[in-house]
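What follows is a single structure, written as structure tokens, with notes after it.
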Amino acid sequence: MIPLLAFVLACGAGAARAAEDWDKLREQMVQRQLAARDITDAAVLRAMRTVPRHLFVPGAGSEAYGDFPLPIGHGQTISQPYIVAYMTQALRLKQGDKTLEVGTGSGYQAAVLAEVTRTNVYTIEIVEPLAVSAAKRLKQLGYDKVVVKVGDGYLGWPDQAPFDAIIVTAGAEHVPPPLVKQLKPGARMIIPVGGQWAVQYLTIIEKLADGTVRTMRDIPVRFVPLTGKQGK
Ligand code: SAM
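Numbering that gives the first Met the number 0 puts the first residue of the sequence shown at 0, with every later residue one more than the last.
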């Protein structure tokens, strides 16, 4: 009875694994879900290989490396690894780029951005307990360059603007004008856009050197909604 119970516990989702097991799961995720599809940016692949995703979804165990989104509490989710990599790649980041994320959630996407840019990442979360736990987790993992703030990301972060890239990880009904304003010339933003009952599309906004803005509709996606008063 007791050995069986011990076996069941050891095989449970939260079972402790050796570091090499997590590394192996992460490598499989990168090979099968990212490199085998269309993720080719070496810095993005390196970041996805480095960030310990299982520590951002406590209790998920090996499921953290599955090809699907997962709940993170408060009715919110962490995106599927492929979508995290796809959106990061679409920003065409380089080292030193200053980025803004709207929708911190678990802090995972912010950690990926920090690995790619090696500099400050600003991230805004509207659900205070999520912001608090993400900030704590990021600090414990040594992501000191990620700055987390509680607030409505629709408004962006004017004190830190302009940004080289902005990523919105919640579905908006329209592209928030304050975020477009906070892009540097030459900068890119990616955001899921769609009406409440309509299909959402990842949308890429590019601010050209002369300040004009180009909008490109990309792949269909499903994200939790961008909330907050301003988005309505
Ligand atoms: N990027 C996150 C991660 O890596 O775990 C996952 C983001 S989850 C799909 C979307 C997040 O956006 C949720 O945590 C939600 O609370 C947040 N959110 C929704 N509306 C927001 C707003 N107006 N401002 C800031 N955060 C918002």
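Just so you know, even glycine gets a beta-carbon here, dropped at the ideal spot from N, CA and C.
- Of the heavy atoms belonging to the ligand SAM, at least one sits nearer than 8 Å to the Cβ of valine 101.
- Taking non-hydrogen atoms of the ligand SAM into account, the C-beta of aspartate 158 is found less than 8 Å away from none of them.
- Rounded to the nearest angstrom, the gap between the Cα atoms of aspartate 209 and leucine 178 is 17 Å.
- In this structure, DSSP gives arginine 25 a helical state, which the three-state scheme calls helix.
- Excluding residues up to 5 positions away in sequence, Gln32, Leu33, Arg36, Ile38 and Asp66 lie with their Cβ nearer than 8 Å to the Cβ of tyrosine 81 in the same chain.
- With respect to threonine 49, glutamate 100 sits apart: the two C-beta atoms are not nearer than 9 Å.
- Under DSSP, glycine 170 takes part in a beta bridge, and its partners are Pro224.
- Inclusion of glycine 150 in the 8 Å shell around the ligand SAM follows from its C-beta lying nearer than that to a non-hydrogen atom of the ligand.
- Taking all protein chains shown into account, glutamate 127 has fewer than 16 neighbouring C-beta atoms within 10 Å of its C-beta and is therefore exposed.
- Distance check between leucine 207 and each of Leu225, Met188 and Val198 places Met188 closest, using alpha-carbon atoms only.
- Within the DSSP secondary-structure output, arginine 91 pairs in no beta bridge.
- Distances from the CB of glutamate 26 to the heavy atoms of the ligand SAM are all 8 Å or more.
- Counting only residues of its own chain and dropping the five nearest sequence neighbours on each side, alanine 46 has a CB closer than 6 Å to the CB of Val111, Glu114 and Val115.
- Listed in chain order, the non-local C-beta contacts of leucine 69 below 8 Å within the same chain comprise Val56, Ala59, Glu62, Ala63, Thr76 and Ile77, local neighbours out to five positions each way being set aside.
- Apart from the 5 residues on each side of it in sequence, proline 219 sits with its Cβ closer than 6 Å to the Cβ of Val198 and Tyr200 in its chain, given in chain order.
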